[in-house]
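If you read the protein sequences in the order shown, they are chains A and B. For the first sequence, the working numbering gives the first residue as 1, with consecutive numbering after it. For the second sequence, the working numbering gives the first residue as 1001, with consecutive numbering after it. Even glycine gets a Cβ: it sits at the ideal position worked out from N, Cα and C. Remember, predicted model here, so these are calculated numbers, not experimental data. Below you'll find the structure, written out as C-alpha cells, and then a few comments.
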Amino acid sequence: MTLDASEPMVQFLSPEGEVRVPAQWAEYGEHLKSLTEADYLKFYREMARCRRFDNEATALQRQGQLGLWIPAIGQEAAQIGSGFAVGPNDHIFPSYREHGVAITHDIDLMSILKMLRGVNHGGWNPDETRFHLYAIVLGTQVLHATGYAMGVKFDGKVGTGNIDEDLAVISYFGDGATAEGDVSESFLFAAINHAPIVFFCQNNQWAISSRVTNQTKVPLYQRGAGFGVPGIRIDGNDVLASYAVTKKHMNDAREGAGPFMIEALTYRIGAHTTSDDPTKYREDEEVEYWKARDPLDRLEKFLRKNGINQDFFDQVAHDGEVLSEEIRKATFALGNPPIETMFQHVYSQQHPLIDEQMAWLKNYEESFGGEA
Amino acid sequence: MSNSVELPIAKAINAGLREAMRKDPKVLLFGEDIAELGGVFRVTEGLHAEFGSGRVQNSPIAESGIIGTSIGLAMRGYRPVAEIQFDGFIFPAFNQIVTQLAKLQNRSEGYLQMPVVIRVPVGGGIGAVEHHSESPEAYFAHTAGLRVVSPSNPNDAYWMIQQAIESTDPVLFFEPKRRYWQKGPVNLDGASSSLHQARVIRQGTDVTLVAYGQMVTVALQAAEFAQDEGRSIEVIDMRSISPIDFATIIESVKKTGRLVVAHEDSTFVSVSSEIAARVSELAFYHLEAPVIRVGGFDVPYPPAKLEELFLPDADRILDAVDRVLAF
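Structure follows, in C-alpha cells:
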C-alpha cells in the first residue's frame, strides 16, 4: 500500500505523534532547533485552517456556489511546512492545489474561491505576495519558476551573503505533472544555469484516476538526478520534515548551491476535484490506510503529549467556525464581474479589435434596456 | 535620409537587436546556436562578442523550455528575445505561447506584463527539408494576447524589432528568411511607422493587392508586370498580422473596388480569410468583385522540388488580378 517503502525518507514526526531525529537526517534536524512552541501551534492552527477552508469550499461547491473545488485534504503538512520554510524574499510558483501554501503567504482565501466560482482567473498580485498565480496546465509553472530563478541568478541575488537581498524560488507540482516535458526541461534549464530553485513535488499518488506508477518507473525524488538536480524524499504528512528539509534546501539555493528536488510523499484523501469519483478507481482500504497517517492527527497527538491542553484545540475549532461563516457570507455576496473585465488586460496597450468588440457588446446589452 | 545605410534584412535585424540591447540592459537574447555562431542564419552574429554570455545565451534544444523560462524572466523584469531556429520548430513551445505567454497578463488582471519577443525565420523558397519552410502565423494571430508582425524590408526589420522589444505585450516576430540577404536602405534617424501600421508601398487605382513578409517582394513584382499590361495595382505591406490595420486596407479598397490578398501560408482559415471576411463587412458596397486569395495549397509544405509550385508567384497573383478585374 505504501509506494516503494524501502526508499529512504526523511521523517521526524511519526504517525503516533513521536518526534525523533535519526542520525542520518541530523543536518535537517538542525532546522527544528529554532522552532518554538508558538511555531508548532502555528503549524497546527494553519493546517486546521486549511482543512476547514477545504471542507467549507467543498460544501459551497455542493450547494452550487462554486463551479468546482480542488481539495488538498491530506496534503496540509507538505504545504504548510514547506510554505513556512520559504524566506521573506523568496518566490513561490504553485500548481492549483496549494491552498495551504497560499495560507502561509496571506493570500486572501476569497481570491481562490472567486477563481473556482468563475469570477476571475486568480487576481492576486504575484509580485507583492511572492505567491504566483495558480497554473492549470500541468508543469507550465515549473518553467516559469525556473526562468524566474535564472533571472535572480542574472541579477546577482544569489550567494552574496546578504540575507536581506538574496532569494530563491520554490516550484510546486504533483506526481502527475512530472510526466510533462516542461518539468524535465525545467530540471535541465535549472541545472545548466545553476539556478536557485527548489522543485517541490507533492506525490499524492494519484493523478485523477492514474496511479503514480503510471507516471514514473523510478522514485520521483530521483527524477532530477539525470539532469543534475539531486533530490530527497520526505514524509509529506510530517509537517516538521516538510519544514526542515524545505528550509535547508531553500537556504542552500539562496546561498548558491543550485537546484534541488524534494519529493513529499503524501496522499490525496479526497477526490481530484469535486467532479471526480475516486470510488471508481481505488479501494477504501487504501484511503483508510492513509487516513491513519493523517498530518493533523499526528501533530495533535504530539502537541497533547507535550502539554497543549484542550483550550487550544477548542479555540482552533472555534476559529474554524468563524472562518466558515466568513467564507460563506463572502461567497454569497460575490457579484458577477462587469462586462469590461472580459476585455481588459488582454493587451497592455490599446487594441482596435478588442475595443470594437467591447463597445459592440456593451451597446448590445444596453439595447435590451436592462431586461437582458 | 540624412543618416541612411544600406543593409540586408538579416543585418538590419542584427543592428536593431544591438540598438535595443545597448538601450536596455534588461534585453537578453536566447535561442539555439545564437551565441558564438550567431544563429543558423547569422542574425545574431557579433552580439555575443559585444554583450557576452550573460546577455546572449545558447539555449538547450528545448523550445518549450526557451519560451517557458523567458516567461519567468519577464516576470523577473527582463525583456527576453527568444529565437526559434525554424518556423517548423516552434510547436514544442506552442503550449507555453498559447496557454501561458498570451494569457498571463489577462489572468493576472494586469499585475503581470509579458514583454517577450519570439523571433522566427519564416516561409519557404530556400530548398530546405521538411519543417524549414512553414508559415505558422495564423495559429498565433488567432490567439488573443499575442501581437504578430512580419517585416518585409531592411528598414522595417531594423525598426520593427526595436518596437517589438519595447512592446509590453508578447510579440511574434516573423522574419522573411528567403529575403534575409535582400539589401535596402535603413534610415537610422527614426521609425516612419508604428509597429502595427500597414503601409501603401505602391500607389494604384485598379486593384488593391495586400501582402506581408516575403510575399511583399512578389506582390511588387506582380504590380510591375501588371503595369506593363496597363493595369494599376496598389500594393499594401500589412507589416502587422495581429492586429491588422484594416483602416489602411479599407481606404484603398474603397478607391479600387477590388482586392487580392497574397501569402505563402495555406489559404484555409488563414490571414487572408480574415481580411476577406472583414473587408466584405466593412466595404461591401465598394467592392466590384469578390475578394480573391492567393496562397499556398491546403497540403503539408511539399518537398523542395515542388515548392515553386506551392508558393504563389507573380503569375499566380496576376491570375487573381485578372479574375477580380473580370467582374
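Residue i versus residue j - alpha carbon distance
{"i": "F1094 (chain B)", "j": "S186 (chain A)", "result": "16 Å"}
{"i": "L1037 (chain B)", "j": "A1062 (chain B)", "result": "18 Å"}
{"i": "A333 (chain A)", "j": "K114 (chain A)", "result": "11 Å"}
{"i": "M1 (chain A)", "j": "A179 (chain A)", "result": "In this predicted model, M1 (chain A) has a pLDDT of only 43, less than 50, meaning its place in the structure is not dependable; the value taken from the coordinates is given anyway. Whole-angstrom Cα-Cα distance: 22 Å."}
{"i": "T279 (chain A)", "j": "V1291 (chain B)", "result": "58 Å"}
{"i": "S1053 (chain B)", "j": "I1084 (chain B)", "result": "18 Å"}
{"i": "F1327 (chain B)", "j": "Q1203 (chain B)", "result": "22 Å"}
{"i": "A38 (chain A)", "j": "V239 (chain A)", "result": "14 Å"}
{"i": "L296 (chain A)", "j": "V1027 (chain B)", "result": "48 Å"}
{"i": "N214 (chain A)", "j": "L116 (chain A)", "result": "28 Å"}
{"i": "L35 (chain A)", "j": "L323 (chain A)", "result": "27 Å"}
{"i": "I103 (chain A)", "j": "R1293 (chain B)", "result": "56 Å"}
{"i": "R1316 (chain B)", "j": "L1188 (chain B)", "result": "36 Å"}
{"i": "V1081 (chain B)", "j": "K291 (chain A)", "result": "49 Å"}
{"i": "I163 (chain A)", "j": "A85 (chain A)", "result": "15 Å"}
{"i": "E1137 (chain B)", "j": "N251 (chain A)", "result": "44 Å"}
{"i": "S275 (chain A)", "j": "P337 (chain A)", "result": "24 Å"}
{"i": "D1319 (chain B)", "j": "G1124 (chain B)", "result": "21 Å"}
{"i": "V316 (chain A)", "j": "G1088 (chain B)", "result": "58 Å"}
{"i": "N363 (chain A)", "j": "G369 (chain A)", "result": "10 Å"}
{"i": "V1200 (chain B)", "j": "G1295 (chain B)", "result": "20 Å"}
Beta-carbon proximity list for residue i, same chain, < 8 Å, skipping 5 on both sides
{"i": "A135 (chain A)", "result": "F93, P94, S95, Y96, Q141, H144"}
{"i": "G256 (chain A)", "result": "V158, G159, H194, P196"}
{"i": "P230 (chain A)", "result": "G224, F260, M261"}
{"i": "S1194 (chain B)", "result": "Q1163"}
{"i": "W124 (chain A)", "result": "I107, D108, S111, F131, L133"}
7 Å CB neighbourhood of residue i in its chain, flanking five on each side removed
{"i": "N193 (chain A)", "result": "M150, K153"}
{"i": "D1156 (chain B)", "result": "R1239"}
{"i": "E98 (chain A)", "result": "Q79, Y172"}
{"i": "H121 (chain A)", "result": "M115"}
Residues near residue i by beta carbon distance below 6 Å, same chain, minus five either side
{"i": "I1250 (chain B)", "result": "L1282, A1283"}
{"i": "Q1113 (chain B)", "result": "Q1105, T1168"}
{"i": "D355 (chain A)", "result": "none"}
{"i": "W206 (chain A)", "result": "R268"}
{"i": "V1005 (chain B)", "result": "V1186"}
{"i": "Q1096 (chain B)", "result": "S1064, I1067, G1068"}
{"i": "T273 (chain A)", "result": "L68, I70"}
{"i": "V1043 (chain B)", "result": "A1010, I1013, N1014"}
Chain-ordered neighbours of residue i on chain A, where CB pairs are closer than 7 Å
{"i": "S1070 (chain B)", "result": "G147"}
Nearest to residue i (by Cα), restricted to the options the options
{"i": "Y28 (chain A)", "options": "A:Y364, A:R293, A:V245, A:T341", "result": "A:V245"}
{"i": "A1275 (chain B)", "options": "B:A1289, B:D1265, B:L1259", "result": "Inspection of the sequence shows that residue 1275 (chain B) is occupied by Ile rather than by Ala. Out of B:A1289, B:D1265, B:L1259, B:L1259 has the C-alpha closest to the C-alpha of I1275 (chain B)."}
{"i": "L68 (chain A)", "options": "A:V119, A:R211, A:A23, A:D90", "result": "A:V119"}
{"i": "R1079 (chain B)", "options": "B:Q1214, B:P1025, B:R1018", "result": "B:P1025"}
{"i": "M358 (chain A)", "options": "A:F343, A:H351, A:D127", "result": "A:F343"}
{"i": "S1242 (chain B)", "options": "B:S1133, B:A1144, B:A1191, B:Q1163", "result": "B:A1144"}
{"i": "T1205 (chain B)", "options": "B:L1172, B:V1253, B:D1298", "result": "B:V1253"}
{"i": "Y1139 (chain B)", "options": "B:I1009, B:F1268, B:S1004, B:V1279", "result": "B:F1268"}
{"i": "L1146 (chain B)", "options": "A:E366, A:H345, A:S367", "result": "A:H345"}
{"i": "D175 (chain A)", "options": "A:D155, A:I208, A:V198", "result": "A:I208"}
{"i": "S348 (chain A)", "options": "B:R1107, B:V1271, B:D1265", "result": "B:R1107"}
{"i": "E56 (chain A)", "options": "A:E366, A:T331, A:Q350, A:N204", "result": "A:T331"}
Interface partners of residue i on chain B, CB under 8 Å
{"i": "E185 (chain A)", "result": "P1060, A1062, S1064, G1065, G1068"}
{"i": "V152 (chain A)", "result": "R1076"}
{"i": "V137 (chain A)", "result": "N1095, T1099, Q1100"}
Proximal chain A residues relative to residue i, where beta-carbon distance stays under 9 Å
{"i": "Y1139 (chain B)", "result": "Under the 9 Å cutoff, chain A gives no residues; its nearest Cβ is about 17 Å from Y1139 (chain B)."}
Proximity of residue i and residue j at Cβ, strictly below 8 Å
{"i": "R223 (chain A)", "j": "A168 (chain A)", "result": "no"}
{"i": "L1007 (chain B)", "j": "A1015 (chain B)", "result": "yes"}
{"i": "R1179 (chain B)", "j": "Q1221 (chain B)", "result": "no"}
{"i": "I73 (chain A)", "j": "R45 (chain A)", "result": "no"}
{"i": "P990 (chain B)", "j": "A1262 (chain B)", "result": "This structure leaves residue 990 (chain B) out entirely; chain B is present only between 1001 and 1327."}
{"i": "L353 (chain A)", "j": "M9 (chain A)", "result": "no"}
{"i": "T299 (chain A)", "j": "F12 (chain A)", "result": "Position check: residue 299 (chain A) holds Leu in this sequence, whereas Thr was assumed. No, Cβ-Cβ distance for L299 (chain A) and F12 (chain A) is not below 8 Å."}
{"i": "G226 (chain A)", "j": "S1070 (chain B)", "result": "no"}
Residues that residue i contacts on chain B, provided the C-beta gap is smaller than 9 Å
{"i": "I92 (chain A)", "result": "Residues of chain B passing the Cβ test: none, with the nearest at roughly 12 Å."}
{"i": "Q348 (chain A)", "result": "Note on residue identity: the sequence assigns Ser, not Gln, to residue 348 (chain A). Correct list: Q1105, G1110, Q1113, M1114, P1115, S1167, T1168, D1169."}
{"i": "G123 (chain A)", "result": "R1107, S1108, E1109, Y1111"}
{"i": "H105 (chain A)", "result": "Going along chain B, no residue has its Cβ under 9 Å from H105 (chain A), so there is no contact; the nearest lies around 15 Å."}
Within chain A, partners of residue i - CB distance below 8 Å
{"i": "G1054 (chain B)", "result": "F154"}
Under 7 Å from the C-beta of residue i: neighbouring residues of chain B
{"i": "D127 (chain A)", "result": "Y1111"}
{"i": "I192 (chain A)", "result": "P1060"}
{"i": "D182 (chain A)", "result": "S1064, G1068"}
Chain E contact residues for residue i, given Cβ-Cβ distances below 9 Å
{"i": "L60 (chain A)", "result": "Judged by its chain identifiers, the structure shown contains no chain E, and its protein chains are A and B."}
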